[in-house]
Each structure stands twice: as C-alpha cells, then as structure tokens.
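FYI, in mature numbering (1 follows the signal peptide of the UniProt record, and there is no 0) the residues of the sequence shown are -23 to -1, 1 to 250.
Structure, as structure tokens:
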Amino acid sequence: MAARKHLLVLLTLLTAACTTEVAATPHPVASPTKSSVPDEQPLVKVVAVLDGRTVELADGTKARISFLAEPSCGAEAALDFAKKTLQDNEVRVSSITPGEVSLVLADGTDYALLAVRSGMVRTTGVDGGPLTQAEGDAANGKLGLWAQECATATPPPPPAPSTSTPPPPPCAVTYRISSQWPGAFQAEVTVRNVSGVLINGWTLRWRFTDGQTVAQMWNASHAQEGAVVSVTNADYSALITPNGSISIGFNGTATGANNMPTAFSLNGAPCRV
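In structure tokens form, the structure reads like this:
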C-alpha cells in the first residue's frame, strides 16, 4: 500500500511539471501587416500603377486592389505611394472578386493593410478586422490624408452650365467591317476613352440600320433587342484608362445592305464617331 501511494505521488508531480512546461511555451504572433496568401503563389511583376488602387500586371491584367476606397482626397499622394511600393516590384496575387485582387509584397506584407495603416487611402466594404483597426490608427495618428483638411462627404454637384452647349463626348468609337460574304460579315469596334478619367465597367450601345444581327462576339458579351445592340465588358476588359482604348470583335448576319451604325453611347453618354 505504501509503494502504491508513493507511485501515485510521483505520477502527480510529473503530470504537473509537463502541464507547466506546455503552458509556458510561447506562441508566435503574426505581424499585423502579414498576409495569409500562401507563399506558393507565384510572384508577378507590377508594370504600371494607374491610380492609388488600380494596377497593371506583367500579363496585361488591369485590376483594382480589394477593400481600398477610391482615393479622392490626397489622390496624388496615394498614387505616389503606390508607385514607390508596387511599380516594377514583384507581388503575390490572389483574386477576391472579378476585377479585384489582393496584393502581397515579396516579404509577405499585405499592400492594402500597409496603404491604409500609412494613411494613404481609406477602406471600403470592410466591417471590422485589421483594415478597420489600421484606418482608426492612421486617423488617430494624423497620418497621410488624415493630416490634411479633407472633406468626408461627397461634395455637391457643380451648378448646371448657363449655356446650352453640350459637354464634349467622353468616348470616340471606330466601327470597321473587316470582311464580309453573302449573308454574313465580321466587324471590329474600338472604343477610346477621351473623358480624362479611368472608366471601370462599361456598356456600349448602338442601333443597326439595315436589320443586321450579332451572332458571336469576343472581348465582351452582348444582347440584342430589335436593332439595338448592348455590349457589356468582360471581367478582364472592364478598365479603360484615360486616352486608352478597348476593341471588341463580332460576327454578324446581314441579308441586304450593311451600313455601319451612325450613333454609339458608352454608359449612357453619346460617343464621337
């Protein structure tokens, strides 16, 4: 009986010692700017920064960085920060939603979190979490745009012009029939952005004059109701930079004359032809 009691006491002491050692083992704490994007994601070079939250990658993809608000106040500073941090550097990319990406620097730093914590941009579509905390820290520290006198509300629209002269068209369209044969043809439509601002998402409309129909289209999707054709961007063709252009092509049918449309509109605004 005494030997059993001694054995139980020894087991109790060993168990307590192991528990203390496990409890005292420290656990690493992740850096607040490090991303959960796996390191296995390949590195891709950023070849251009279009604005404070939009980049062009080496494969030609133009995408917006997720969860960053459009940089209105302090836009120049946001652009300069993005260029210094991203342009000609390699990043890891993961897709959040079509047309949007998450960018992680080669050292594992999440770019969105870094830009928000530095006060360069605000967040959007975020409810709590590290980005919200980073925005609060930047505001409290008066960093970046928080050090400026920035309006927090959308400014009222400018008064209507006193003259009836319409504003210049924000787009220019070139319509070209590349080939045709009995009953069918192939055409290319090029849309140039002359508005001076980035277009992110677009719908192009025109009206055929001779009963033509669109049979197949590439670089965009289409719908046709009677003579009116509506063309909507694909995920990869949503952005049209200032003075940049996008081209779409299609195969169509024509049973008689095949004159080109005379009027086009982009997002509801008439285009120059």
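By construction, the Cβ of each residue, glycine as well, lies at the ideal position given by its N, Cα and C atoms.
DSSP three-state label for residue i, please.
i, result
"Thr30", "Inspection of the sequence shows that residue 30 is occupied by Arg rather than by Thr. If DSSP states are grouped into helix, strand and coil, Arg30 belongs with coil."
"Leu90", "helix"
"Trp123", "helix"
"Gly113", "helix"
"Pro146", "coil"
"Pro107", "helix"
"Ser214", "helix"
"Phe185", "coil"
"Thr38", "coil"
"Glu53", "helix"
"Ala83", "coil"
Are residue i and residue j touching if we call contact CB-CB under 8 Å?
i, j, result
"Val168", "Gly229", "no"
"Glu165", "Gly226", "yes"
"Cys248", "Ala149", "yes"
"Ala55", "Gly37", "no"
"Leu20", "Ala59", "no"
Which residue wins for smallest C-alpha separation from residue i, given the options the options?
i, options, result
"Ser207", "Met194, Thr218, Ile217, Pro219", "Met194"
"Gln110", "Ala124, Asn66, Ala89", "Ala89"
"Arg94", "Thr180, Gly118, Ala52", "Gly118"
"Asn66", "Ile154, Gly37, Val24", "Val24"
"Pro144", "Arg153, Val171, Lys61", "Val171"
"Met97", "Pro147, Val81, Val68, Ala46", "Ala46"
"Val81", "Gln125, Ile42, Glu112", "Ile42"
Given that a residue counts as buried once 16 or more other Cβ atoms are within 10 Å of its Cβ, and exposed if not, what is residue i?
i, result
"Ala92", "buried"
"Val205", "exposed"
"Gly76", "buried"
"Ala240", "exposed"
"Thr100", "buried"
"Gly121", "buried"
"Trp158", "exposed"
"Lys39", "buried"
"Ser79", "buried"
"Thr232", "exposed"
"Arg153", "exposed"
"Val26", "buried"
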